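Visitor: Protein chains in written order, with the working numbering: chain A, 30 to 221; chain B, 53 to 366. We put the CB at the ideal spot given by N, CA and C, even for glycine. Fair warning: this is a prediction, and the values are worked out from it, not measured in the lab. Sharing a structure with you now.
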Amino acid sequence: MGTRVGVLAIQGDFACHLKALYSIGASALEVRTAEELDQCSHLIIPGGESTTVGKLLQRFGLGEEIQSRARARMPIWGTCMGMIMMAARVEDSEQYSLGLLDITVKRNAFGRQVHSFEAPVQVEGVGEVTAVFIRAPVVTDVGSTQAIATFDGQVVAVRQDNLLGTSFHPELTGDTRLHEWFIKEIGSAQRG
Amino acid sequence: MFPLGPSPWGFSMPAGTILNLDRAKTWREKVGLAEMLKGGVIMDVVNADHAKIAEEAGAVAVMALERVPADIRRDGGVARMSDPELIQQIQASVTIPVMAKCRIGHFVEAQILEALEVDFIDESEVLTPADVANHVDKHAFTVPFVCGARNLGEALRRCAEGAAMIRTKGEAGTGDVVEAVRHMRAILSEIRIVQNAREDELYVLAKEHQAPLELIQHVHKTGKLPVPNFSAGGIATPADAALMMQLGAETVFVGSGIFKSSEPAKRAKAIVESVLFYKDAKKLAEISKGLGEPMTGINCDSLTEKELLSVRGW
């Protein structure tokens, strides 16, 4: 299969990811069902509300489908809510998550919306990006994953083989380097 | 200071409406949160128990209120910002964003809501207006605002004042979707007219819509409002929610429709699912089954001009 990036479109800013993907000439589609997931080589889980998406993934069984794709080494990237959804553990919460990344995340780690902000962050392998943090989570335990970006001493991006998680939203900045890197670099882990 | 790069919604800051970069700096975070709420349902709640039911059903945010619009309508009198204590109780009970309403033009209520760290302020016609000429200068706040609109001009005037999200007004507290449809169709058809106009006609369109030229030019270029466009006012069933989504809403607000129905938890869950599967009639049929009685509702035609909430705002 050629490269085709699915963006989970249960809820959230999936349209922003699609726009970023189209702008770099990637083939991309919205994913709401297992059939649509079958058409993808890569998957992005966008920003949004993790409780909402978690409940709907559980209710319609799509969560298990994503877990089985991850085991088959599909490259998967979660931004903000997406990273929470991919985490094995969520602090102070029993909410549903997919348990793909061996990390513990803390939700709303910087506080409510009035504390949302943007800042330059160095991402290993990519360079400096403007990171937009919106009611963002941080990684409080990196487990067996590799921390690839920190802000103010806190881990805000991790990588584990074919999996990538970022606390921030590259899809909101118009800077597509992370999207390109995800497709190429994380995508190559699939074959590695 | 970080440079403002191109934004995904194609909205560079409208010249003349933004006075300094400190204000501009928060813009991407404000509209960004609105982007995160897309494809979801925002529910009115009056206490922590309701908020938990809403969160459990899959709401993307709750609107903390003392009374739902149907009760505000019934009780009459002056409707004001909610008691901060109630807002804090609701904030403590859920992890999803909590919104709250201030009166149109009441910037001190807005300051109080910002101090409470609500995630979004709705400068709402559902409450009694505090200013019959001016809306709140929303650029002056760090917290994002949502405002109601009935047509393109009204929507763009609110954007110029700094609204990070527009919702069509509909007619709150009626359970009658007719006004929500009217307002959504008005905004989207006016957008299409602006989009198809010649560039040299945009000056007159700005005059006719009583909206800033820069924002009319933005609509002409992109075919969209500069900020996400949600829908509110009269949505009572999964079919109503899916109707608004098919018409072009990016998320729906459900006010009285849930907690004035006979089985709120069931209905809340069904409306969330109907927004996810808004184009799939077979799934919608399944979702709409056995939800108990919807809110009784008021036919909008039976309301007098004085009883209409949607005419508030200028």
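With a threshold of 6 Å on Cβ separation, who are the neighbours of Gly128/A within its own chain once the five nearest residues in sequence on each side are excluded?
Guide: Same-chain partners within the cutoff: Ala117.
Visitor: If we ignore side chains and look at the alpha-carbon of each, how far apart do Ala322/B and Glu153/A end up?
Guide: Rounded to whole angstroms, Ala322/B to Glu153/A spans 43 Å at the Cα level.
Visitor: Can at least three beta-carbon pairs, one atom from the segment 231-249 of chain B and one from the segment 190-197 of chain B, be found at a separation below 8 Å?
Guide: Contact fails: fewer than three Cβ-Cβ distances are below 8 Å.
Visitor: Using the Cα positions of Val146/B and Ile164/B, report the straight-line distance between them to the nearest angstrom.
Guide: C-alpha separation (whole angstroms): 20 Å.
Visitor: Any beta-carbon of chain B closer than 8 Å to the one on Leu201/A?
Guide: So, interface residue.
Visitor: Measure how close the beta-carbons of Glu200/A and Met88/B come, nearest whole angstrom, since I'm counting them as under 8 Å.
Guide: No, Glu200/A and Met88/B are not in contact; Cβ-Cβ is about 11 Å, not under 8 Å.
Visitor: Suppose you measure from the CA of Leu254/B to the CA of His270/B; what does that come to, to the nearest Å?
Guide: Going from the Cα of Leu254/B to the Cα of His270/B covers about 10 Å.
Visitor: Please report the distance separating the alpha-carbon of Ser314/B from that of Gly349/B.
Guide: Cα to Cα, Ser314/B sits roughly 13 Å from Gly349/B.
Visitor: Between Ile218/B and the ligand FAD, is the CB less than 7 Å from at least one heavy atom?
Guide: The ligand FAD is absent from the structure shown, which contains no ligand whatsoever.
Visitor: What do you reckon, are the CB atoms on Val324/B and Val120/B nearer than 8 Å?
Guide: Not a contact, by the Cβ cut-off of 8 Å.
Visitor: Looking at the secondary structure, which residues open and close the alpha helix (DSSP H) in which Asp101/B lies?
Guide: Run containing Asp101/B: Ala100 to Ala109, per the alpha helix (DSSP H) assignment.
Visitor: Please list the partners that Leu328/B has in chain A, where partner means a Cβ-to-Cβ separation under 8 Å.
Guide: Per Cβ cutoff of 8 Å: Ile39, Gln40, Arg61 and Leu85.
Visitor: Assess, as a yes-or-no matter, whether the segment 325-345 of chain B is touched by the segment 98-116 of chain A under the definition of 3 or more beta carbon pairs within less than 8 Å.
Guide: No: fewer than three Cβ pairs fall under 8 Å.
Visitor: Any idea what DSSP makes of Asp121/A, helix, strand or coil?
Guide: Note: Asp121/A maps to coil in three-state DSSP.
Visitor: Quick one: which chain A residues come within Cβ less than 9 Å of Phe282/B?
Guide: Within 9 Å Cβ-Cβ: nothing; Phe282/B doesn't reach chain A, min ~13 Å.
Visitor: Using the beta-carbon of each residue, which ones in chain A are nearer than 8 Å to Val195/B?
Guide: Result: Gln142 and Val143.
Visitor: Please tell me whether Cys45/A has its Cβ less than 8 Å away from any Cβ of chain B.
Guide: So yes, Cys45/A belongs to the interface.
Visitor: Check whether the Cβ atoms of Gly182/A and Ile132/A lie closer than 8 Å to each other.
Guide: Taking 8 Å as the Cβ cut-off, Gly182/A and Ile132/A do not qualify as a contacting pair.
Visitor: Since Ile105/B meets chain A, which of its residues come closer than 9 Å, beta carbon to beta carbon?
Guide: Chain A residues near Ile105/B: none, gap ~13 Å exceeds 9 Å.
Visitor: Where are the beta strand (DSSP E) runs, 3 residues long or more, that stay fully inside the segment 127-175 of chain A, in chain order?
Guide: Correct list: 130-135, 146-152, 156-162 and 167-170.
Visitor: In terms of residues, what are the limits of the alpha helix (DSSP H) holding Arg80/B?
Guide: Unbroken alpha helix (DSSP H) run through Arg80/B: Trp79 to Met88.
Visitor: Compare the C-beta of Ile73/A with all C-beta atoms of chain E and state if any pair is closer than 8 Å.
Guide: The displayed structure is made up of protein chains A and B, and chain E is not among them.
Visitor: When DSSP labels each residue in this structure, what does Ile74/A get in the three-state scheme?
Guide: Strand.
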